[in-house]
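A quick write-up on the structure given underneath.
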Amino acid sequence: MGDDTEAIAQSHAPLFEAVRKHLEREAISFHTPGHKYGRGIDRELLDILGDRAFRADLTELPNLDNLHAPEGAIHEAQDLLARAYGADRSWFLVNGSTCGIEALVMAVCNPGDRILVARNCHKSAIAGVILSGAIPAYIEPEFDEALGFAGGVSVNSVRSALDRYPDARGVLLVSPTYFGACSDLEAIADLAHARNIPLLVDEAWGAHLAFHHELPDSAIASGADGVVQSTHKMLAGMTQASVLHVRGNRIDCDRLSNALQLLQSTSPNYLLMMSLDVARRQMALHGGRLLEKAIALADDTRKRSNAIAGISCPSVERADTSGSHDFDRTRLIVDVEGLGRSGFAVDDWLDERFGVLSEMATPSHLVFLVTIGSSQDDCDRLVEAFTVLSQECAKQSVSNSVEQLQVLRWPPLPPARMHPREALFARQRSLSLDEARGETCAEIVAPYPPGIPILVPGEVVTSEAIAYLQSVTRHLDGESWQTLKVVAHG
831 MGDDTEAIAQ SHAPLFEAVR KHLEREAISF HTPGHKYGRG IDRELLDILG DRAFRADLTE
891 LPNLDNLHAP EGAIHEAQDL LARAYGADRS WFLVNGSTCG IEALVMAVCN PGDRILVARN
951 CHKSAIAGVI LSGAIPAYIE PEFDEALGFA GGVSVNSVRS ALDRYPDARG VLLVSPTYFG
1011 ACSDLEAIAD LAHARNIPLL VDEAWGAHLA FHHELPDSAI ASGADGVVQS THKMLAGMTQ
1071 ASVLHVRGNR IDCDRLSNAL QLLQSTSPNY LLMMSLDVAR RQMALHGGRL LEKAIALADD
1131 TRKRSNAIAG ISCPSVERAD TSGSHDFDRT RLIVDVEGLG RSGFAVDDWL DERFGVLSEM
1191 ATPSHLVFLV TIGSSQDDCD RLVEAFTVLS QECAKQSVSN SVEQLQVLRW PPLPPARMHP
1251 REALFARQRS LSLDEARGET CAEIVAPYPP GIPILVPGEV VTSEAIAYLQ SVTRHLDGES
1311 WQTLKVVAHG
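Positions 831 to 1320 (my numbering) are the ones given, in order, by the sequence shown.
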């Protein structure tokens, strides 16, 4: 009976329904936005998008609630979100997961407090450290030598960091990683809770995990205290639409709400919030079935790709290695080293010849996301492309550069001379990469993808970091580092 009652509740989308009801009124707008239900939008844009999206591009009207002080439809929608994920409280994020991670750090740390941060964090974690005035101590993820990329953070590494920094106010990890590796969050949560500090998890890539038993346990189910998820990455939210969950009493929710008010727009986009509302409803009601299809597609595509010469797709067999407790099967990781071409070259070839776009390329791998929106035709085209590429490579002699692969491995953790906030606000100057060697970095340097910091404000610009950035500039489209901001002397 309880399940039936909850299913009925989850069948509602309070904010979406409130917007639909408002539009049915055909009210006259003398409020923002200035395009007035799309009538003022440029005609070419209207020809592409139509007017329906602009009609729903509304502001915080009395019947549509207020994101920063919700009492109506947004409050109800966020409550249903929390219930769907097993959280005590949840928030809509319209500034992406970035603002949620920043807010969690600000809620946990005062200026001068120490926080343990996985070094494979997103740059937003460093931004949170800077905004809060906290002092980071880094936990390095385990590196999988066979695969050539980092896995999760091991329990022993977290234990050692907690022993070394008993004054830490929290632990912030990334799980799943960009490559689908999941840390043993339950064991790590136990370690953190034994010291009465919260475990914060950047679960941007794991908003789907809570809805299928064959996927890794979600961070909330594993005991995490604060979790941020990008609903737009693996589910059906619009780009920039994310959520934040809290469970337990180790995070001050009033303080967290205050931080979110500082970081989120005072003019939240209702299209984004509606997409969060209906994405939650979709998963609460149909998530199991939708993910069953996605998992089957990913497994089948992995199996078929593994049968192609030169292609290798690691999967769940990598669990329990390199700090990885589990692996997200919907993430398709393709090792192309056997083709004799770099991941970057294969990425370009797939786009130009077959119109197939990956999520990310590395020197020897490609990452593909198989989601609830993926189709059999999509996966068939990918396998066909790999088949054709394999046949072409068999007729050619194209060799990879071993030196290149070594250079593009993350450089060793640089030593720190200053705290991040202190360095960011210090007097700065710009130097060429070579001139910056040995200087103190004054900016967050995080190549995309995956946005993992190579240098953080206050750290020494090392030769290894420079070599990495030079390789990124040579091999990744859109990324170019000719100069670095460093702390000026005197």
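Beta carbons: idealized from backbone N, C-alpha and C, even for Gly.
- As computed with DSSP, S920 is found in a beta bridge with H1075.
- Membership of F1009 in any alpha helix (DSSP H) is not indicated, and neither H nor E is assigned to it by DSSP.
- Shown here, R1161 sits in a strand according to DSSP, grouped into three states.
- Between A1049 and E1033, the CB-CB gap stays under 9 Å.
- By the C-beta density criterion, G1117 is buried, having at least 16 other C-beta atoms within 10 angstroms.
- Of the residues assessed, E1214 falls on the exposed side of the cut-off, its CB having fewer than 16 other CB atoms within 10 angstroms.
- By the Cβ test, the region 879-889 is not in contact with the region 908-925, since fewer than three Cβ pairs between them sit closer than 8 Å.
- Exposed is the label assigned to P941, since fewer than 16 other Cβ atoms lie within 10 Å of its Cβ.
- For the pair P1277 and V1164, the Cα-to-Cα distance works out to about 21 Å.
- With contacts defined as CB atoms closer than 9 Å, A1126 and A1071 fail to qualify as a contacting pair.
- For the set L911, M1103, I1138 and H1023, the Cα lying nearest the Cα of L992 is the one of H1023.
- Short of 7 Å from the beta carbon of A1019, and not among the five residues preceding or following it, lie these beta carbons of its own chain, in chain order: L1029, S1052, G1053 and A1054.
- Q840 and L911 have their C-alpha atoms some 9 Å from each other.
- With fewer than 16 other Cβ atoms inside 10 Å of its own Cβ, R873 counts as exposed.
- By the neighbour-count criterion, in which a residue is buried when 16 or more other Cβ atoms sit within 10 angstroms of its Cβ, F1216 is buried.
- For the beta strand (DSSP E) assignment, the uninterrupted runs of no fewer than 3 residues enclosed by the region 1010-1060 are, from N- to C-terminal side, 1029-1032 and 1056-1059.
- The count of Cβ pairs closer than 8 Å, one atom from the region 1087-1100 and one from the region 1036-1048, stays below three, leaving the stretches out of contact.
- When DSSP assignments are scanned along the region 1200-1273, the uninterrupted stretches of alpha helix (DSSP H) that are 4 or more residues long and fall wholly within it turn out to be 1206-1224, 1232-1237, 1250-1254 and 1263-1266.
- CA-CA distance, R994 to R944, rounds to 12 Å.
- In this structure, the beta-carbon distance from E1269 to V1316 falls below 9 Å.
- Counting along the chain, V1001 sits inside the beta strand (DSSP E) bounded by residues V1001 to V1004.
- In the three-state reduction of the DSSP assignment, Y1100 falls in the helix class.
- Shown here for A948: same chain residues with a beta carbon closer than 7 Å to its own, the five before and five after excluded, namely I969, P971, V983, L1002, L1003 and V1004 in chain order.
- The beta carbon of V1057 sits closer than 6 Å to those of V1031, E1033, A1049, I1050 and H1075, all from its chain and outside the five residues before and after it, given in chain order.
- Where A1139 is concerned, there is no enclosing alpha helix (DSSP H), because DSSP gives it neither an H nor an E.
- If you compare the alpha carbons of E906, I904, D877 and P863 with that of R885, the shortest gap goes to P863.
- Secondary structure note for A1089: its alpha helix (DSSP H) is the uninterrupted segment C1083 to L1093.
- Across the structure, G1036 and P966 are spaced so that their CA atoms are roughly 24 Å apart.
- Straight-line measurement puts the Cα of V938 at about 7 Å from the Cα of R999.
- H1195 is bridged by DSSP to D1165.
- When C-beta atoms of the region 1250-1266 are compared with those of the region 1184-1202, fewer than three pairs fall below 8 Å, so the two segments do not count as touching.
- In this structure, the straight-line span from the alpha carbon of M1190 to that of S1172 is close to 13 Å.
- Apart from sequence neighbours up to five positions away, the residues of its chain that approach N1099 with a beta-carbon distance below 7 Å are V924, ordered along the chain.
- When the beta-carbon positions are compared, A899 and E847 stay at least 9 Å from each other.
- For K1133, the three-state secondary structure derived from DSSP is helix.
- For T928, the uninterrupted alpha helix (DSSP H) segment begins and ends at G926 to V938.
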